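Protein chains in written order, with our numbering: chain A, 9 to 361; chain B, 90 to 522. For every residue, glycine included, the Cβ atom is placed at its ideal position computed from N, Cα and C. On a predicted model such as this, the values are computed, not experimentally measured, just so you know.
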């Protein structure tokens, strides 16, 4: 059955992606739920929650709130929490409850802005989609709200779009991505959401180029190109050393790489650089942008399809989060190269330098 | 809002239980899910939420029927391999929610789950969430259909976070679910069930000894049942001892279905109140309990701690095996100070607030869930010892004990154990984190 998971547990949902995208920007984030979704996000999908005190709250919806659609109460609570807090904006994140009762997020945005006198962002996540959709929507909304001024272009500045712990399994991934880009000659690297904050978003139009490191950042890159003419390129300048160390053994072999598409593409490029005769396919449980797919790449639709692809694919090795191994037959041996993906397993690499 | 809200016990007692300030009422503000609160602020987040509790039935597996987001954190529970193999997920998409078509797939999914298990499960617990609460799904009917189709008992578990403050909150409902598979049996007079927890009482609890002394030969707890047959034998009990008020509803259901009466006891840390409770239990079952040696032992543990470490000043949290207000009152009555309590004030524990106010009027009461706790600054506190995992979060530099172990403390043995581990924490014998 396509929608049945018998060995894996569900991946990070869209609401987690939205919170992850907005986490470092100094806003008050309200998850429009009864408490369980917030528990999932803060307790599991947002590793930064345990190392910094972020302003993430649950709306604490109760059955009568859902039945009566008491948005005014939510906005009143939001205002109480915002007053005197010094926070720059509010963000309201959807979950299955507002999706079912058809909450009007545009109206919520207007109500919140009117009551607090500060910008508000709403992201109509539903809990049924994957994290990258939510992150994509949140980033786009953030930049539409705050990157409004066309500034003079600074040739030394580059923006990084699509970075979050859900995509890159290190809490210092922002630094690692920035460092790699500085090695490429960039003077200032604004890794949005992992190092660069709201001020950098407000001046995003000054960047000479945007680097998109995961599919979740692509919609925003296209928006910034359309609005300010900022060019973008899809490029993943950093991969975990443990993955890179394992790649020479895959040269000339048939390999499947499973991760977020742009990181997986970077692994493929690295293998092909070692031996252009290697056969490397990329697959993902998450967004697959057609323009960055090669022949043989595929979207994984279900646990069953994943198992079938690995068992019958004839691959010499599979680069993926090793937690996926639990879905494969125990009686067979598979050469798995571990590339942790937090959105899959909730695993981070040990400190990466 | 730029500092944590608190109110003194005296101020709160003066306002009365009908005038609790909104800052202490979770329904009146946004809810702050700090790391201090994750275990109890989400019915599925950590510890024994609905998901793990539903698996208390020996040999059962759980099928979570929900959007993917509701099952996400189960990966954390799944770190324990024995649990990971017992969770399955039927994920709802947008069309399922609009059309309800997922309900038709449940029987087939249950069968597929059973067929994939190395050993046939004793039961399949279907966990459903806010989505089906709002859709008004008749899950009892769906479960009957699935049971007929797959040939295995299928039981609904309602993880309805939306109803947390309603008549049947998730953790109350799931207790009824896990005992719902018991079928009528002939009663065995010397058999008793302990209800309330999903893990066993501490082995050294005097409750076992006292019940044995009253002629009870078999004491069953669901967490100690080795298999489904032993679980089913719980139906033969002469009476149920309810140690957690969240099990009241389950006990009432067992009374109605299986004619098993129940007696409720509270977990207390005031030794005179524990003694009183045992006296009343003895009267109810027609036995005179000799609890004096146990009481002496507990009071000696307190006196020894006091003698060695003096009149410590405590911060007491609510993520622990106690009512924070009753525990605080017990500490104060034993000559200690309590400067801060992180807790949820309600009808059942306001009586303790009033007693604390009389003895320690300046004790500050905080609500863990208040958004203002984002600004809590532990440096302003004069406490020197901490009890509770949440309180330890607020005071990371102080000696303390989480006191939230899975084996449940109860009665005098719980009091003795608490002061033992506190002594260990203060003497540096044991890691407190």
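### Task
Under 7 angstroms between beta-carbons, which chain B residues line up against residue 23 of chain A? List them in chain order, please.
158
### Message
I'd like to know if residue 119 of chain A contacts chain B, where contact means its C-beta is closer than 8 angstroms to some C-beta of that chain.
### Response
no
### Message
Mapping the DSSP letters down to three states, classify residue 163 of chain A as helix, strand or coil.
### Response
strand
#### Entry: Cβ pair residue 508 of chain B, residue 430 of chain B closer than 8 angstroms
no
### Query
Given residue 126 of chain A, which residues of its chain have a CB within under 6 angstroms of its CB, disregarding the five upstream and five downstream residues?
97
### Query
With residue 460 of chain B and residue 89 of chain A assumed to form a contact (beta carbons below 8 angstroms), what rounded beta-carbon distance in angstroms separates them?
4 angstroms
### Query
Do you know offhand how far residue 472 of chain B's Cα is from residue 478 of chain B's?
15 angstroms
### Query
Is the CB of residue 347 of chain A under 8 angstroms away from at least one CB in chain B?
no
### Task
Return no unless some Cβ of chain B is closer than 8 angstroms to the Cβ of residue 314 of chain A.
no
### Query
Under the three-state reduction of DSSP, which class applies to residue 97 of chain B: helix, strand or coil?
strand
### Message
Any contact between the stretch 127-141 of chain A and the stretch 15-28 of chain A? By contact I mean 3 or more CB pairs, one from each, below 8 angstroms.
### Response
yes
### Query
Between residue 208 of chain A and residue 190 of chain A, what straight-line distance do the alpha-carbon atoms span, to the nearest angstrom?
17 angstroms
### Query
Is DSSP giving residue 125 of chain B helix, strand or coil here?
coil
### Query
When you compare only the Cα positions, how much space is there between residue 325 of chain A and residue 248 of chain B?
40 angstroms
#### Entry: C-alpha gap between residue 354 of chain B and residue 155 of chain B, whole angstroms
36 angstroms
### Message
Going by C-alpha to C-alpha distance, which of B/437, B/329, B/292 sits closest to residue 313 of chain B?
### Response
B/292
### Query
residue 14 of chain A versus chain B: which residues are under 8 angstroms apart at the beta carbon?
177, 201, 202, 205
### Task
For residue 497 of chain B, count neighbouring Cβ atoms within 10 angstroms of its own Cβ and tell me buried if that reaches 16, exposed if not.
buried
### Task
In the DSSP assignment, find the alpha helix (DSSP H) that holds residue 223 of chain A and state where it starts and stops.
Where residue 223 of chain A is concerned, there is no enclosing alpha helix (DSSP H), given that its DSSP letter is neither H nor E.
### Message
Residues in the same chain with beta-carbon distance under 7 angstroms from residue 45 of chain A, minus the five sequence neighbours each way, listed in chain order, please.
### Response
23, 39, 103, 135
#### Entry: the stretch 337-348 of chain B / the stretch 362-373 of chain B touching (three or more Cβ pairs under 8 angstroms)
no
### Task
Compare the C-beta of residue 251 of chain B with all C-beta atoms of chain A and state if any pair is closer than 8 angstroms.
yes
#### Entry: C-beta contact flag for residue 500 of chain B and residue 283 of chain B at 8 angstroms
no
### Query
Who are the near neighbours of residue 246 of chain A in its chain, counting only those whose CB is closer than 6 angstroms to its CB and skipping five residues on each side?
184, 185, 188
### Task
Kindly list, in the order they appear in chain A, the residues whose Cβ is closer than 9 angstroms to that of residue 272 of chain B.
The premise fails here: residue 272 of chain B is roughly 30 angstroms from chain A at the closest Cβ pair, so nothing lies under 9 angstroms.
### Task
Check whether the Cβ of residue 436 of chain B lies closer than 8 angstroms to any Cβ atom in chain A.
no
### residue 134 of chain B (DSSP reduced to helix, strand or coil)
The pLDDT assigned to residue 134 of chain B is 47, lower than 50, so where the model puts this residue is not dependable; a value taken from the coordinates is nonetheless given after this. Correct three-state label for residue 134 of chain B: coil.
### Task
Please confirm whether residue 378 of chain B and residue 512 of chain B have their CB atoms less than 8 angstroms apart.
no
### Task
Taking residue 254 of chain B as the query, report the chain A residues whose CB atoms sit under 8 angstroms from its CB, ordered along the chain.
70
### Task
Report yes or no: is there a C-beta of chain A within less than 8 angstroms of the C-beta of residue 186 of chain B?
yes
### CA-to-CA distance, residue 199 of chain B to residue 172 of chain A, given in whole angstroms
36 angstroms
#### Entry: Neighbourhood of residue 521 of chain B by C-beta, 7 angstroms cutoff - its chain only, sequence neighbours within 5 removed
Annotation note: pLDDT 46 at residue 521 of chain B (below 50); position unreliable, coordinate value reported separately. 488, 489, 490, 514.
### Message
Judging by CA-CA distance, which residue of B/289, B/213, B/124 is the nearest neighbour of residue 494 of chain B?
### Response
B/289
### Task
Return the Cβ separation of residue 50 of chain A and residue 127 of chain B in integer angstroms, given the expectation that the two are a contact with Cβ distance under 8 angstroms.
6 angstroms
### Message
Here's the rule: buried if 16 or more other CB atoms are within 10 angstroms of the residue's CB, otherwise exposed. What is residue 333 of chain B?
### Response
buried
### Task
Could you give the DSSP three-state label for residue 275 of chain B: helix, strand or coil?
coil
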